[in-house]
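A.B. asks: The structure follows.
Number of protein chains: 2
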Amino acid sequence: MACTLTTGHAARIAARKNKWAQSTSGLADTYLQANLLVLPSRYAEAFRQLCARNPVPCPLIAESTNPGDFAMLKSHLPQVRDEDLAADLDLRTDCPRYNVYADGKLVHTAVNDILSQWTSDHVAFVIGCSQSFESALIRAGVEIRHLNQQRTVPMYRTKLPLNPSGIFTSSTYVVSMRPFRKQDIELVRRITRRYLPTHGEPIAWGWDALERLGIIDIDDVQWGHPPLTQDGRPLHEVFGDSENVPVFWGCGVTPQEAVMKAALEGTIMAHHPGEMLVMDCREDDVL
Amino acid sequence: MACTLTTGHAARIAARKNKWAQSTSGLADTYLQANLLVLPSRYAEAFRQLCARNPVPCPLIAESTNPGDFAMLKSHLPQVRDEDLAADLDLRTDCPRYNVYADGKLVHTAVNDILSQWTSDHVAFVIGCSQSFESALIRAGVEIRHLNQQRTVPMYRTKLPLNPSGIFTSSTYVVSMRPFRKQDIELVRRITRRYLPTHGEPIAWGWDALERLGIIDIDDVQWGHPPLTQDGRPLHEVFGDSENVPVFWGCGVTPQEAVMKAALEGTIMAHHPGEMLVMDCREDDVL
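Quick note, the sequences are listed as chains B and Y, same order.
Once you know that position 37 of the first sequence is 56 in our numbering, the rest is easy, because the numbers rise by one and skip nothing.
Once you know that position 269 of the second sequence is 288 in our numbering, the rest is easy, because the numbers rise by one and skip nothing.
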C-alpha cells in the first residue's frame, strides 16, 4: 500500500477512505507533512499569537480561510500560495486518524474522522512537522531509526515553557526524538536548520539534554512508540555505551498539550500524533 | 533637555552630539525605541535565524542594507518601509552610549560612540524594545515605576534557554522587569500583547516566577538599576506584603548575553542597555 502512496493527494485519499491508519513517516516522499489543530473560533486569535511567539514548536503554515472551512486553507507562508497547499481537501477525514478533546480532556483517540464533531464555528490550524525533513536527512546518508523500524517517532512532554499568549499561560514544549551518532549531530543540525517552517534545527541533543528538558525516562514516551536500539532493545540500555545519542526537535503535538494545560472549553480536534495531513506542496517549497 | 527631545530624530541627534547619555525610557514619546547589535558578517545568518527562532526576546525589526552600512537599514517588518525607519541615521553615534565586546568579553561599557570599532564587514541588527509600549501602558493608567523614578529598567539574566541557532547553542533569555499591582496584570498583558515586534505580552509574572526564571535576588540586576518600591526601598522588602508583583518581559539585551555565551570572535558592538536607538517610525506603526 505504502509504495503506491507517492503524492500528498494519494495519502489524503487513502486516509479519507480509511485505507491508511498509521504513521505517515516515509509516506509520499518529499511532500510536506503537517500537524492539525482545530479550535472553537473564540480561541483562534490567542492560538495564532501562541504560534507567532513560539515558531519552533508551533510553526504556523496555514489556517481555515473562514471559520467552518474544512476544504479551503489560507497560507501563512509568503512563499506558498493558498491554492498550492492542498487542492482536494477535507480536514475532517484526510488525516489517517484523529484525537478529540472535550473541555481540555482527551475523550477520543485514534478515531478515523471528525465528521460528527466539526461545526461551522471551528477554525483549523496547519502546523509544520519534522517528518518533513526526514527525506533530506536520508539523502545525506543518516539513518532515521523509527522509520527503518516502521515505528512512530517517539514524542515527550517537557518542562520547557512556551512564551505565554492569552489563555495559554502554562504551556510547555512537546519534543520529538531521533537518535543519531554523535559525529553526525553537526550534519543533522546543518541539514534541518533550513526547514524553519517544519521545526528547523534541533532544540537539544545528548543524554544530558534529558534533565534540561525534564524527561525522566527515554523509554517512557507520551506519544508515538518507545525508541529502540538498532537491534531492538530499549534505548536507555545503551546510555554511555553507544555512539548514538538522542536528538530532540520542537514538535507539533505541542498545541495538543497546550489545549489540555489551558483546559480549553468546548470540542477541540487534532491529528493522531505521527499520522499527519500530507499536503500537495513539497517540503522544499516552504524554505 | 528631555522635554525638547520630542521626536526620534531629535533623540538621535542629541545622542550623536553626546548631549543625551542615559536611559531613553520616556524620551520622544510614542517613537519606536530599539536595541542594537553589530556583528562581523560571518555571524549574520546564524543571528538572523536566532531571532527568527526566538521572536519574543529577539524581535528583529531591521538590519544593515549591506555589510558596513551604518546609515541605511532594510526593514524586516512588512508593515514598515525601509525609508520610514530612520532617515538621518548613523548607527555608530546615535545610541546614547554603547557596549563593545572582544572575543565574547565585554571590553568597553557606556562609551559614547563606536566610530573607531566599526568596519566595512560589520552588520547591524535593530531589535524591538519594550520601552516602546510604556506610553501605551501609561495611557491605560498604570504606573511605570522606573520611569517615574528616573531610573533605568531592571534587567536580569535567566536560565530560560533560547532555541539554538548555529553557533548560538547555549543562549538564555534576558528579561526586563516592571512591578504592577496584581489586579492590573491582565490589563498589562492585554495592552502589551499587540506589540509583538517590541516583545509583546510578558513571559512571566508574580514572585514565584523568579524561581522558574532562575533569578535569585530581585535586587541584584545584571543591567539597568535595581528596582525600588514607590517609597524608595529595595523591592524584596515588600515580598508577600504588597499588592505589587514583578512582571517580566523578553528583553533585547538577550543578544548581548548570547554573544558572550557563544564567545563570538572579533569585535561586537551593542547599545548600552536602556539607552536605545530611537527611530522615525512610531510604536504603533509596527503593529
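A virtual CB, placed ideally from N, CA and C, is assigned to each residue, including glycine.
Which value, in whole angstroms, describes the spacing of the CA atoms of Asp101 (chain Y) and Leu215 (chain B)?
C.D. replies: The residue labelled residue 101 (chain Y) in the question sits at position 82 within the second sequence. The residue labelled residue 215 (chain B) in the question sits at position 196 within the first sequence. Between Asp101 (chain Y) and Leu215 (chain B), the C-alpha separation is close to 25 Å.
A.B. asks: What are the residues that DSSP puts in a beta bridge with Ala81 (chain B)?
C.D. replies: Position 62 of the first sequence holds residue 81 (chain B). Paired residues: B:Ser94, B:Val145.
A.B. asks: Buried or exposed for Val126 (chain Y), please, with buried defined as at least 16 other CB atoms from any protein chain shown within 10 angstroms of its CB.
C.D. replies: Position 107 of the second sequence holds residue 126 (chain Y). Val126 (chain Y) is exposed by the Cβ-count criterion.
A.B. asks: Short of 8 Å in beta carbon distance, which residues of its chain neighbour Phe187 (chain Y), apart from the five on each side in sequence? Order them along the chain.
C.D. replies: Along the second sequence, one-based indexing puts residue 187 (chain Y) at 168. Excluding sequence neighbours, Phe187 (chain Y) sits near Ala65, Phe66, Leu69, Leu181, Ala277, Lys280, Ala281.
A.B. asks: Excluding the 5 residues preceding and the 5 following Ala29 (chain B) in the sequence, name in chain order all residues of the same chain whose CB lies nearer than 8 Å to its CB.
C.D. replies: Translated into the one-based positions of the first sequence, residue 29 (chain B) becomes position 10. If we look at Ala29 (chain B) and ignore the five residues flanking it on each side, its Cβ neighbours are Thr23, Ala47.
A.B. asks: Between the C-alpha atoms of Leu96 (chain Y) and Ala159 (chain B), what's the straight-line distance to the nearest angstrom?
C.D. replies: Within the second sequence, numbered from 1, the residue matching residue 96 (chain Y) stands at position 77. Within the first sequence, numbered from 1, the residue matching residue 159 (chain B) stands at position 140. C-alpha separation (whole angstroms): 35 Å.
A.B. asks: Does the beta-carbon of Ala106 (chain Y) have 16 or more other beta-carbons within 10 angstroms, so that it is buried, or is it exposed?
C.D. replies: In the second sequence, residue 106 (chain Y) corresponds to position 87, counting from 1. Ala106 (chain Y) is classed as exposed because its beta carbon has fewer than 16 other beta carbons within 10 Å across all chains shown.
A.B. asks: Using 8 Å as the limit for Cβ to Cβ distance, is Ser184 (chain Y) near chain B?
C.D. replies: Counting from 1 along the second sequence, the entry for residue 184 (chain Y) is found at position 165. Interface residue, yes.
A.B. asks: What does a CB cutoff of less than 8 Å around Leu247 (chain B) pick up in its chain, not counting 5 residues either side in sequence?
C.D. replies: Looking up residue 247 (chain B) in the first sequence gives position 228. Excluding residues up to 5 positions away in sequence, Arg164, Gln168, Arg170, Pro253, Leu254 lie with their Cβ nearer than 8 Å to the Cβ of Leu247 (chain B) in the same chain.
A.B. asks: When you compare the CB positions of Leu104 (chain B) and Met288 (chain B), do they come within less than 8 Å of one another, or not?
C.D. replies: For this step, residue 104 (chain B) is matched to residue 85 along the first sequence. For this step, residue 288 (chain B) is matched to residue 269 along the first sequence. In this structure, Met288 (chain B) does not lie closer than 8 Å to Leu104 (chain B) by Cβ.
A.B. asks: Could you pull the DSSP bridge partners for Ile287 (chain Y) from this structure?
C.D. replies: Taking the first residue of the second sequence as position 1, residue 287 (chain Y) is located at position 268. Paired residue(s): Y:Tyr120.
A.B. asks: Quick one: does Leu74 (chain Y) have its CB under 8 Å from some CB of chain B?
C.D. replies: Counting from 1 along the second sequence, the entry for residue 74 (chain Y) is found at position 55. This sequence places Pro at residue 74 (chain Y); Leu is not what is there. It does; some Cβ of chain B falls within 8 Å.
A.B. asks: Let me see if you follow: with CB-CB separation under 8 Å, is Gly219 (chain Y) close to chain B or not?
C.D. replies: For this step, residue 219 (chain Y) is matched to residue 200 along the second sequence. Interface residue, yes.
A.B. asks: For Phe144 (chain B) versus Ile210 (chain B), is the C-beta spacing smaller than 8 Å?
C.D. replies: Stepping through the first sequence from its first residue, residue 144 (chain B) is reached at position 125. Stepping through the first sequence from its first residue, residue 210 (chain B) is reached at position 191. Going by C-beta atoms, Phe144 (chain B) is not nearer than 8 Å to Ile210 (chain B).
A.B. asks: From the DSSP secondary-structure annotation, give me the bridge partner or partners of Arg301 (chain Y).
C.D. replies: The count along the second sequence starts at 1 and reaches residue 301 (chain Y) at position 282. Note: Arg301 (chain Y) sits in a beta bridge opposite Y:Tyr50.
A.B. asks: Can you tell me whether Gly269 (chain B) is helix, strand or coil according to DSSP?
C.D. replies: Taking the first residue of the first sequence as 1, we reach residue 269 (chain B) at position 250. Looking at Gly269 (chain B) - three-state DSSP - the assignment turns out to be strand.
A.B. asks: Shorter than 8 Å from the beta carbon of Leu156 (chain Y) to some beta carbon of chain B?
C.D. replies: As a position in the second sequence, residue 156 (chain Y) is number 137, starting the count at 1. Answer no: the Cβ-Cβ gap between Leu156 (chain Y) and chain B never drops below 8 Å.
A.B. asks: Tell me, to the nearest whole angstrom, how far the beta carbon of Met174 (chain Y) is from that of Val194 (chain Y); I am working on the premise that it is less than 8 Å.
C.D. replies: Taking the second sequence and counting its residues from 1, one reaches residue 174 (chain Y) at position 155. Taking the second sequence and counting its residues from 1, one reaches residue 194 (chain Y) at position 175. About 7 Å separates the two Cβ atoms, so the contact holds.
A.B. asks: On the three-state DSSP scale, how would you describe Arg3 (chain Y)?
C.D. replies: Nothing in the structure corresponds to residue 3 (chain Y), since chain Y is present only between 20 and 306.
A.B. asks: Around the Cβ of Phe258 (chain B), are there at least 16 other Cβ atoms within 10 angstroms (buried) or fewer (exposed)?
C.D. replies: As a working note, residue 258 (chain B) is residue 239 in the first sequence. Exposed is the call here.
A.B. asks: Which residues of chain Y have a Cβ atom closer than 7 Å to the Cβ of Ile222 (chain B), listed in chain order?
C.D. replies: Locating residue 222 (chain B) in the first sequence gives position 203, where the first residue counts as 1. Ordered by position in chain Y, the residues that pass the 7 Å Cβ test against Ile222 (chain B) are Asn182, Pro183.
A.B. asks: For Pro86 (chain B) versus Val142 (chain B), is the C-beta distance shorter than 8 Å?
C.D. replies: Residue numbering aside, residue 86 (chain B) sits at position 67 when the first sequence is read from its first letter. Residue numbering aside, residue 142 (chain B) sits at position 123 when the first sequence is read from its first letter. Taking the C-beta atoms as reference points, Val142 (chain B) is found nearer than 8 Å to Pro86 (chain B).
A.B. asks: Thinking Glu302 (chain B) and Leu51 (chain B) are a contact (beta carbons under 8 Å), I'd like their distance in whole angstroms, please.
C.D. replies: Counting from 1 along the first sequence, the entry for residue 302 (chain B) is found at position 283. Counting from 1 along the first sequence, the entry for residue 51 (chain B) is found at position 32. With 8 Å as the limit, Glu302 (chain B) and Leu51 (chain B) qualify as a contact, their Cβ atoms being about 5 Å apart.
A.B. asks: Any idea if Met20 (chain Y) is buried or exposed, counting beta-carbon neighbours within 10 angstroms, 16 or more meaning buried?
C.D. replies: Taking the second sequence and counting its residues from 1, one reaches residue 20 (chain Y) at position 1. Unreliable placement is indicated for Met20 (chain Y), whose pLDDT of 45 sits below 50; the coordinate value is still reported in the next sentence. Exposed, because fewer than 16 other Cβ atoms sit within 10 Å of the Cβ of Met20 (chain Y).
A.B. asks: So that I know if they touch, is there some Cβ in chain B lying closer than 8 Å to that of Leu215 (chain Y)?
C.D. replies: Working through the second sequence from its first residue, we reach residue 215 (chain Y) at position 196. Judged by the 8 Å Cβ criterion, Leu215 (chain Y) is in contact with chain B.
A.B. asks: Any beta carbon from chain B within less than 8 Å of Arg212 (chain Y)'s own beta carbon?
C.D. replies: One-based indexing of the second sequence puts residue 212 (chain Y) at position 193. By this cut-off, Arg212 (chain Y) is an interface position.
A.B. asks: Should Ala71 (chain Y) be flagged as near chain B, meaning a C-beta pair shorter than 8 Å?
C.D. replies: Stepping through the second sequence from its first residue, residue 71 (chain Y) is reached at position 52. Yes, contact with chain B.
A.B. asks: Buried or exposed for Gln275 (chain B), going by 16 or more other Cβ atoms inside 10 Å?
C.D. replies: Taking the first residue of the first sequence as 1, we reach residue 275 (chain B) at position 256. Burial call: buried.
A.B. asks: Taking Cβ-Cβ distances shorter than 9 Å, what residues in chain Y pair up with Gln68 (chain B)?
C.D. replies: The sequence position of residue 68 (chain B) within the first sequence is 49, counting from 1. Those within 9 Å of Gln68 (chain B) in chain Y are Arg212, Leu215, Gly219, Glu220.
A.B. asks: Just mark Thr112 (chain B) as buried or exposed, buried being the case when its beta carbon has 16 or more other beta carbons within 10 Å.
C.D. replies: Numbered from 1 along the first sequence, position 93 holds the residue referred to as residue 112 (chain B). Buried.
A.B. asks: Relative to the alpha-carbon of Gly147 (chain Y), which residue among Y:Glu294, Y:Pro245, Y:Pro76, Y:Val57 has its alpha-carbon at the smallest distance?
C.D. replies: In the second sequence, the residue the question calls residue 147 (chain Y) occupies position 128. Selected option, being the one with the closest Cα: Y:Pro76.
A.B. asks: Determine whether the beta carbon atoms of Glu294 (chain Y) and Pro115 (chain Y) lie at a separation below 8 Å.
C.D. replies: Along the second sequence, read from residue 1 onward, the residue named residue 294 (chain Y) stands at position 275. Along the second sequence, read from residue 1 onward, the residue named residue 115 (chain Y) stands at position 96. In contact: Glu294 (chain Y) and Pro115 (chain Y) (Cβ atoms closer than 8 Å).
A.B. asks: Please confirm if Phe267 (chain Y) has its CB atom under 8 Å from at least one CB of chain B.
C.D. replies: Here residue 267 (chain Y) corresponds to residue number 248 of the second sequence, with the count starting at 1. It does not: the Cβ of Phe267 (chain Y) has no partner Cβ on chain B nearer than 8 Å.
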